[in-house]
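So the structure is just underneath, and the comments pick up after that.
Chains as they are written, first to last, in our numbering: chain A, 1 to 242; chain B, 243 to 613.
So, in structure tokens, the structure goes:
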């Protein structure tokens with residue numbers, strides 16, 4: 001409850017700032033971005049994040065399922081190791097390296113965001129599936145469930161909350177990382193922020209940064225609700241949520 | 243029903259978990275796999291439904307080599323109960339119980355009917371618990387659901403891995419008693435793993451005592467207690483085996499199943515001759531339906547013409563499932579050295595004499611004396 005109050009307060013401040021700055025006519029010698037610029041950049045930003053997340057999720061979750069299969073367990077260590085190393089690379093580096101590889105444009109930005117967003121989902125999905133009590137899996141096997149039935153009826157539902165948490169964390173991070181997309185020819189709120197950086201105008205920077213932060217908070221909140229809604233009731237009781 | 247033929251399990255790292263174990267479990271028997279931790283008892287259980295593949299040997303169920311049966315099909319026909327953690331936490335009690343029936347494609351109403359019936363069988367109110375989640379249940383309730391789930395599709399065989407393991411001693415004893423009752427109703431062939439000698443003696447028709455992957459002694463509880471094969475068995479059952487035997491061995495193991503009998507309208511002289519021939523001091527008297535009426539005792543033979551005149555009707559009886567200490571206490575308080583063992587409708591199933599108990603207990607003493 002308290003956390004929600006804090007979040008809503010911060011959100012109100014961020015949106016208030018954005019509205020205030022946008023309503024200014026000029027900052028120093030610079031024109032502020034208009035409402036229509038701001039909204040189209042925000043839409044582009046959101047679109048980029050969502051496309052990247054959908055692709056990242058559809059790669060990371062199957063990959064996590066794959067490396068947790070009994071026969072393929074030895075793949076898990078290198079894959080997770082790779083994921084961990086990837087996570088330590090600066091996001092700027094990941095994005096910057098895409099330009100020479102794939103050229104300037106939206107596709108480079110989305111591929112970079114995918115790679116960076118993939119890692120938290122992969123790590124969480126792997127942990128979620130791998131941390132299921134072995135006795136539960138064995139009970140399923142002992143009762144004659146096939147490998148596929150165990151995956152669908154036991155592993156996925158039990159790991160779903162952790163997988164969803166991974167998607168949420170990844171999305172929130174990606175909203176921030178997507179600011180950098182403009183450097184490799186992508187669109188989004190980064191355009192406004194970086195204009196402000198080049199102009200050395202803090203308020204202009206904020207005109208891009210504040211709505212980005214607001215977007216991260218809102219998306220995080222929505223995904224958290226979905227996460228709770230998707231958590232099987234039997235597990236909610238266990239964790240004492242409900 | 244289940245036959246293990248020189249079953250060996252060697253893990254890739256060279257550990258010999260099970261070493262040439264051969265044993266046979268008859269239909270409707272409860273066989274306990276007993277032994278210290280790491281003795282291979284759990285592995286032995288898990289090779290039966292092929293959760294663990296064996297290295298050498300053969301396992302037959304009803305004469306069929308289990309490797310010839312589809313693995314999942316085999317498991318759907320063998321109930322599997324493990325400690326409480328094995329319940330699926332995201333499924334309700336009802337859904338948990340219906341897992342195997344659902345896998346076997348039973349129609350929905352038949353499944354839920356079966357789940358209700360099983361919950362009642364394990365002593366839980368189906369209306370109250372059907373839609374609860376495992377996390378809302380106590381440890382004891384979870385164990386009950388585990389047993390109900392194993393019985394889901396009414397399999398002829400049950401495998402139970404310490405099903406009453408992680409639970410407080412009082413609840414544990416209650417669950418054991420209840421399970422013994424259920425077992426008589428359901429008549430399954432059961433493999434039951436435990437490390438607890440008390441539980442083994444109490445639950446088992448036969449006990450397979452294992453050590454270091456080998457089968458040391460496969461015998462009835464009373465033979466394991468009173469005729470230990472070697473020093474390991476002796477140490478494992480403990481020095482207080484006579485006491486354990488009295489507390490845990492059931493009357494049916496020591497009773498004489500087909501004792502000489504007398505009928506109420508027989509002449510005393512005939513009966514007296516029979517007692518002499520059989521070398522006993524008294525005979526159980528039954529009616530034409532085999533129901534127990536009382537005893538005719540050698541010391542009273544002069545007091546009447548027919549058995550009916552001299553019958554001693556005021557004697558206690560026990561059931562075949564009573565433990566020896568109960569039987570002994572009945573004998574001591576009735577002042578009679580023989581006890582009639584009857585079933586639920588007072589039909590005579592056998593007799594148990596004080597001598598039989600004493601003999602069983604003294605065999606141990608003699609063995610110890612001669613060492």
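Where is the CB? At the ideal position from N, CA and C, for every residue including glycine. Since the model is a prediction, treat every value here as computed from it, not as a measurement.
List the endpoints of the continuous alpha helix (DSSP H) containing residue 507(B). As a first step, residue 507(B) must be located in the second chain, where it is residue number 265. Careful: residue 507(B) lies outside any alpha helix (DSSP H) and carries neither H nor E.
Would you say residue 228(A) faces chain B, with C-beta separation under 8 Å as the test? Start at 1 with the first residue of the first chain, and residue 228(A) comes out as number 228. Cβ-Cβ to chain B under 8 Å: no for residue 228(A).
Between the alpha carbons of residue 240(A) and residue 158(A), how many angstroms are there, rounded? Position 240 of the first chain holds residue 240(A). Position 158 of the first chain holds residue 158(A). In this predicted model, residue 240(A) has a pLDDT of only 43, less than 50, meaning its place in the structure is not dependable; the value taken from the coordinates is given anyway. Distance between the alpha carbons of residue 240(A) and residue 158(A): 16 Å.
Give me the subset of the stretch 518-532 of chain B whose CB atoms are less than 7 Å from a CB atom of chain A, sorted by chain position. Legend: CB atoms of the stretch 518-532 of chain B lying less than 7 Å from CB atoms of chain A are not found in any residue.
Compare the C-beta of residue 375(B) against all C-beta atoms of chain A and say whether one is closer than 8 Å. Residue numbering aside, residue 375(B) sits at position 133 when the second chain is read from its first letter. Flagged as an interface residue toward chain A: residue 375(B), by a C-beta distance shorter than 8 Å.
Apply the 10 Å Cβ neighbour rule to residue 260(B) and answer buried if 16 or more other Cβ atoms are within range, or exposed otherwise. The residue given as residue 260(B) occupies position 18 in the second chain. Classified as buried, residue 260(B) has 16 or more neighbouring CB atoms from the shown chains inside 10 Å of its CB.
Determine the contact status of residue 342(B) and residue 143(A), defining contact as a CB-CB distance below 8 Å. Sequence index remark: in the second chain, residue 342(B) carries index 100 (1-based). Sequence index remark: in the first chain, residue 143(A) carries index 143 (1-based). A Cβ-Cβ contact shorter than 8 Å links residue 342(B) with residue 143(A).
Within the continuous beta strand (DSSP E) that includes residue 434(B), where are the two ends? Position 192 of the second chain, counting from 1, holds the residue named residue 434(B). Here the beta strand (DSSP E) through residue 434(B) covers 431-436.
Below 8 Å between beta carbons is the criterion; list the residues of the stretch 66-82 of chain A that meet it against any residue of chain B, in chain order. Taking a C-beta cut-off of 8 Å against chain B, none of the residues of the stretch 66-82 of chain A qualify.
Strictly under 8 Å for the Cβ-Cβ distance: is residue 138(A) near chain C by that measure? Included in the structure are the protein chains A and B, with no chain C among them.
Amino acids of chain B, ordered along the chain, whose beta-carbon sits closer than 8 Å to that of residue 135(A): Taking the first chain and counting its residues from 1, one reaches residue 135(A) at position 135. Listed along the chain, the chain B residues whose CB falls inside 8 Å of the CB of residue 135(A) are 324, 325, 327, 328.
Contacting residues, own chain, Cβ-Cβ under 7 Å from residue 292(B) (five flanking each side not counted): Locating residue 292(B) in the second chain gives position 50, counting from the first residue. The residues 308, 313, 316, in chain order, have a CB closer than 7 Å to that of residue 292(B) in the same chain once the five nearest residues on each side in sequence are set aside.
Is it true that the CB of residue 98(A) sits closer than 8 Å to the CB of residue 76(A)? Within the first chain, the letter at position 76 stands for residue 76(A). Within the first chain, the letter at position 98 stands for residue 98(A). No.
So the alpha helix (DSSP H) residue 204(A) belongs to, where does it begin and stop? Taking the first residue of the first chain as position 1, residue 204(A) is located at position 204. Boundaries of the alpha helix (DSSP H) around residue 204(A): 202-230.
So what does DSSP say about residue 457(B), is it helix, strand or coil? Walking along the second chain from the start, residue 457(B) turns up at place 215. The answer is strand: DSSP assigns residue 457(B) an E or B state.
Segment limits, beta strand (DSSP E) that includes residue 591(B): For this step, residue 591(B) is matched to residue 349 along the second chain. Bounds of the beta strand (DSSP E) holding residue 591(B) are 590-595.
Taking the alpha-carbon positions, what's the residue 497(B) to residue 595(B) distance? By one-based count along the second chain, residue 497(B) stands at place 255. By one-based count along the second chain, residue 595(B) stands at place 353. Each residue's Cα considered, the two are about 7 Å apart.
For my contact list, residue 399(B) and residue 320(B) are in at a C-beta cut-off of 8 Å; report their separation, rounded to the angstrom. Counting from one through the second chain, the residue named residue 399(B) turns up at place 157. Counting from one through the second chain, the residue named residue 320(B) turns up at place 78. The beta-carbon separation of residue 399(B) and residue 320(B), rounded to 5 Å, stays under the 8 Å limit for a contact.
Of all the CB atoms in chain A, is at least one closer than 8 Å to the CB of residue 402(B)? Translated into the one-based positions of the second chain, residue 402(B) becomes position 160. Chain A, which has no Cβ nearer than 8 Å to the Cβ of residue 402(B), makes this no.
Taking Cβ-Cβ distances shorter than 8 Å, what residues in chain A pair up with residue 318(B)? Position 76 of the second chain, counted from the start, is the residue given in the question as residue 318(B). Residues of chain A passing the Cβ test: 143, 144.
Partner residues on chain B for residue 154(A), Cβ-Cβ distance less than 7 Å: On the first chain, residue 154(A) is found 154 positions in, with the first residue counted as 1. Per Cβ cutoff of 7 Å: 330.
Quick check on residue 245(B): does DSSP put it in helix, strand or coil? As a working mapping, residue 245(B) is identified with position 3 in the second chain. Reduced to three states, the DSSP call for residue 245(B) is strand.
Is it buried or exposed, residue 4(A), if we count other Cβ atoms within 10 angstroms and call 16 or more buried? If you number the first chain from 1, residue 4(A) lands on position 4. When all chains shown are included, residue 4(A) counts as exposed.
Hey, is residue 333(B)'s beta-carbon within less than 8 Å of any beta-carbon in chain A? Taking the second chain and counting its residues from 1, one reaches residue 333(B) at position 91. For residue 333(B), the answer is yes, since a Cβ of chain A falls inside 8 Å of its Cβ.
Roughly how many angstroms separate the alpha carbons of residue 534(B) and residue 356(B), rounded to a whole number? By one-based count along the second chain, residue 534(B) stands at place 292. By one-based count along the second chain, residue 356(B) stands at place 114. Roughly 39 Å between the two C-alpha positions.
Residue 36(A) and residue 177(A) - do their beta-carbons sit closer together than 8 Å? By one-based count along the first chain, residue 177(A) stands at place 177. By one-based count along the first chain, residue 36(A) stands at place 36. With respect to the 8 Å criterion, residue 177(A) and residue 36(A) are not classified as neighbours on the basis of their beta carbons.
So, is the C-beta of residue 234(A) closer than 8 Å to a C-beta in chain B? Working through the first chain from its first residue, we reach residue 234(A) at position 234. Nearest CB-CB separation between residue 234(A) and chain B: below the 8 Å threshold.
So, for residue 28(A): in the same chain, excluding its five sequence neighbours on each side, which residues have a beta-carbon less than 8 Å away from its beta-carbon? In the first chain, residue 28(A) corresponds to position 28, counting from 1. The residues are 199, 201.
Would residue 257(B) be called buried (16 or more neighbouring beta carbons within 10 Å of its own) or exposed? Taking the second chain and counting its residues from 1, one reaches residue 257(B) at position 15. Result: exposed.
When you compare only the Cα positions, how much space is there between residue 493(B) and residue 131(A)? Here residue 493(B) corresponds to residue number 251 of the second chain, with the count starting at 1. Here residue 131(A) corresponds to residue number 131 of the first chain, with the count starting at 1. Whole-angstrom Cα-Cα distance: 48 Å.
What are the boundary residues of the beta strand (DSSP E) that residue 580(B) is part of? Position 338 of the second chain, counting from 1, holds the residue named residue 580(B). Residue 580(B): member of the beta strand (DSSP E) spanning 580-584, first to last residue.
Anyone know if the C-beta pair for residue 170(A) and residue 217(A) falls short of 8 Å? The residue labelled residue 170(A) in the question sits at position 170 within the first chain. The residue labelled residue 217(A) in the question sits at position 217 within the first chain. Between residue 170(A) and residue 217(A), the C-beta spacing is not below 8 Å.
So is residue 315(B) in contact with chain A if we call contact Cβ pairs under 8 Å? The residue you call residue 315(B) lines up with position 73 of the second chain. Closer than 8 Å to the CB of residue 315(B) there is at least one CB belonging to chain A.
Cα-Cα separation between residue 473(B) and residue 377(B), rounded to whole angstroms: Along the second chain, one-based indexing puts residue 473(B) at 231. Along the second chain, one-based indexing puts residue 377(B) at 135. If you draw a straight line from the Cα of residue 473(B) to the Cα of residue 377(B), it is about 45 Å long.
Distance cutoff 8 Å, beta carbons only. Does residue 203(A) sit that close to anything in chain B? Mapped onto the first chain, residue 203(A) falls at position 203. Judged by the 8 Å Cβ criterion, residue 203(A) is not in contact with chain B.
Can you confirm whether the stretch 160-170 of chain A touches the stretch 213-228 of chain A when touching is taken to mean that 3 or more C-beta pairs between the two stretches lie within less than 8 Å? In short, these stretches touch, since the Cβ pair count reaches three.
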